[in-house]
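A.B. asks: In the working numbering, the protein residues as written are 6 to 175. Just passing along the structure, written as structure tokens.
Here's what the structure looks like:
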């Protein structure tokens, strides 16, 4: 697929939004309004960023500048990248399935079981067995979902919501 002008404009707006958020926190960078056009003001902000973060001062957004702006934005806004794990909307895990995703589901179920007495722990085997199916049914009951023991997208979303509410520590 060809890289279009619309793609370029979308990416430019994205990186200028990052630069905007950096400029709010770093007074060395002039604030520039994010847009899909590379204005003289945007070039000035890029040059100031490059100088402040010891990059070659060109006023252009090359790969090194892009990577640096992205890394600085993530550092300053303290946002971790989300990990998208669920394969697709129609995907389902059920009794008899095996694999890495089953391991993950079992670990997540056990994480919940440590904090909720009404959820059972399950063996982490990578096999979607009766114990895993029963634990999923308990989760479905708590979430007021149909209790079938099948981990579909709706059940996954409830599992993820429960996990996201926990304060996990290493």
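Don't be surprised by glycine CBs; every beta carbon is placed ideally from N, CA and C.
Tell me where the alpha helix (DSSP H) around residue 112 begins and ends.
C.D. replies: Segment 105-120, the alpha helix (DSSP H) holding residue 112.
A.B. asks: When the Cα atoms are used, what is the spatial distance from residue 7 to residue 137?
C.D. replies: For residue 7 and residue 137, the distance between alpha carbons rounds to 45 Å.
A.B. asks: Do you know how far the Cα of residue 52 is from the Cα of residue 65?
C.D. replies: Cα to Cα, the separation comes out at about 8 Å.
A.B. asks: In the DSSP assignment, find the alpha helix (DSSP H) that holds residue 74 and state where it starts and stops.
C.D. replies: It spans 68-82 - the alpha helix (DSSP H) in which residue 74 sits, taken as one unbroken run.
A.B. asks: Should residue 141 go down as buried or exposed, given a rule of 16 or more other Cβ atoms within 10 Å for buried?
C.D. replies: Buried, since its Cβ has 16 or more Cβ neighbours within 10 Å.
A.B. asks: Taking the continuous alpha helix (DSSP H) assigned at residue 16, which residues delimit it?
C.D. replies: That run of the alpha helix (DSSP H) goes 10-30.
A.B. asks: Taking all protein chains shown into account, decide if residue 47 is buried (16 or more other Cβ within 10 angstroms of its Cβ) or exposed.
C.D. replies: The residue in question, residue 47, is buried, as its Cβ has 16 or more Cβ neighbours within 10 Å.
A.B. asks: Residues in its own chain within less than 7 Å of residue 61 by CB, not counting five upstream and five downstream?
C.D. replies: Around residue 61: 55.
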